[in-house]
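Its first residue numbered 8, the sequence shown is counted upward by one per residue in the working numbering. Report on the structure given below.
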Amino acid sequence: WRLMVMFLVAVAMLSSIASDTVSTVIFMAIGMGLLRALNISPGSRYGEMLILSIAWAALYGGMITPAGSPPNLIGIGLVSDSLDYQIGFARWMVVGLPMAVLGILVMLTVIRFTLKDEFGKINIDPEIIRKAREEQGPMTRGEKIAGLGMGTAITLWLTPDLVNVLLGSTHSVSLWIRAHFGGQNVAVVALLVAASMFLIPIDWKKKKFPLTWNQAAEGVEWGTLALIAGALGIGSALADPTVGLGNFFASALGNVAGPGISPFIPLFVVVVFMVVMTSFISNNAAISIVAPIVISIGSAPGSTLNPIAAVMAAAMAASMSVILPCSTPATAIVFGSGYVRILTMFKKGMILALTGILMATFVAYVIADFVFPWPPP
């Protein structure tokens with residue numbers, strides 16, 4: 008049980024700074040190796056839940072930071088374009104971290120009840136872990152440089168929001184950071200740190216560096232980048248008042264978002280729609296369709312819905328769809344392992360999806376509404 012908990016927490020931590028797909032691929036390889044070492048074959052409930060929960064943990068971990076999942080970045084971009092409001096890295100984490108922790112606790116509860124009779128049957132030989140540690144060896148210079156780069160990036164991503172909190176938004180340092188970086192802090196830092204990996208030598212004589220162009224070109228998910236760019240374009244068009252499509256949908260939902268009506272009613276409809284829709288289409292496409300509609304509803308005169316908080320809730324709901332293999336690349340990857348049955352994925356995924364709908368509606372929105380008041384002060 009402790010091994011599974013630590014394993015899944017590690018998945019979530021990696022997924023907070025890397026894509027859900029990459030995190031799932033990496034940890035599924037580790038998980039499959041672990042199961043083979045323990046002689047656990049397909050058909051085992053423990054093996055099935057370990058592999059399946061890798062996708063769950065990766066999706067929950069993706070909520071923690073803006074960089075954790077493409078829907079997060081799309082939502083932030085649409086809020087910036089449509090409302091001229093910048094969602095900072097640290098302030099996103101104020102909402103995303105509690106959501107991820109709560110989601111992981113729900114996930115672990117489901118696993119615990121599912122495997123309550125299994126844990127006593129599995130004996131892990133400490134010798135296996137000792138040998139794995141010996142084979143890994145000490146950190147190389149390249150690994151240390153990469154780790155330092157990642158730590159630097161996270162520190163710089165958090166700095167603008169921390170400066171605002173510690174010094175105040177009117178302090179000269181806060182004003183300088185906003186004037187020089189504005190909403191581009193995440194992109195600028197990522198590019199600078201990535202560029203430094205080409206320049207800091209591991210071995211100058213051998214011209215060896217932490218990152219080569221071929222590695223970078225192969226490692227970047229160009230399809231995802233193109234999809235995000237396209238989604239932002241579609242979303243901006245939907246939210247554009249001159250196009251009118253966002254206003255059309257907003258007016259259609261106007262009866263459930265007008266004055267005197269609880270914002271949780273339209274929000275609940277939006278979150279349910281997101282979870283259902285992302286079961287069948289890309290979560291990037293779903294957020295690019297839903298976010299502009301939510302922005303139009305929330306920014307309409309007399310609306311009680313906070314559009315920024317609602318977009319954040321919708322973006323996090325995009326990571327709640329774990330019902331079918333086609334829901335996300337992460338669920339498709341674990342289903343292809345041979346350990347996971349579709350009925351198990353559906354039954355357990357329904358529990359997580361239903362609790363996720365409640366979490367996005369009543370936890371993510373409430374926290375985000377406090378952190379990002381609307382209209383802005």
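Glycine included, C-beta positions come from ideal geometry on N, C-alpha and C.
Residue environment, residue i, which counts as buried when at least 16 other CB atoms sit within 10 Å
i    : result
W99  : buried
I330 : buried
N150 : For the record, residue 150 in the displayed sequence is Glu; it is not Asn. Exposed.
W63  : buried
M114 : buried
D221 : Asp is not the amino acid found at residue 221; the sequence shown has Asn there. Result: exposed.
D210 : exposed
S326 : buried
A375 : buried
T294 : Reading the sequence as shown, one finds Ile at residue 294 and not Thr. It is buried - the Cβ of I294 has at least 16 other Cβ atoms within 10 Å.
S306 : buried
M146 : exposed
L80  : buried
N46  : exposed
G75  : buried
A224 : exposed
W164 : buried
A233 : exposed
S289 : buried
Coil, strand or helix - residue i by DSSP
i    : result
K123 : coil
A27  : At residue 27 the sequence reads Asp, which differs from the Ala that was named. Reduced to three states, the DSSP call for D27 is helix.
D210 : strand
Range covered by the alpha helix (DSSP H) that runs through residue i
i    : result
A360 : 349–366
G305 : 290–305
P273 : 271–284
S22  : 9–22
F342 : 336–342
W63  : 52–68
L85  : 77–90
V329 : Here V329 belongs to no alpha helix (DSSP H), and DSSP marks it neither H nor E.
Y346 : Where Y346 is concerned, there is no enclosing alpha helix (DSSP H), given that its DSSP letter is neither H nor E.
V378 : 372–378
Integer-rounded CB distance, given that residue j should sit under 8 Å from residue i
i    : j    : result
L66  : D27  : 6 Å
V282 : V301 : That pair is no contact at about 14 Å.
G38  : I71  : The Cβ separation is near 21 Å, so there is no contact.
S328 : T335 : 7 Å
L57  : M13  : Actually they do not touch by this definition, with Cβ atoms about 12 Å apart.
P299 : S89  : 7 Å
Cβ-Cβ distance between residue i and residue j below 8 Å
i    : j    : result
S23  : G84  : no
I364 : V279 : yes
A337 : T121 : no
A153 : M204 : yes
A322 : P78  : yes
A360 : A320 : no
V102 : V318 : no
L274 : L218 : no
T362 : L59  : no
I340 : M35  : yes
A19  : A97  : no
Y346 : G54  : yes
G82  : P167 : no
Min CB distance residue i to chain C below 8 Å
i    : result
L112 : Looking for chain C here will not work: only one protein chain is present.
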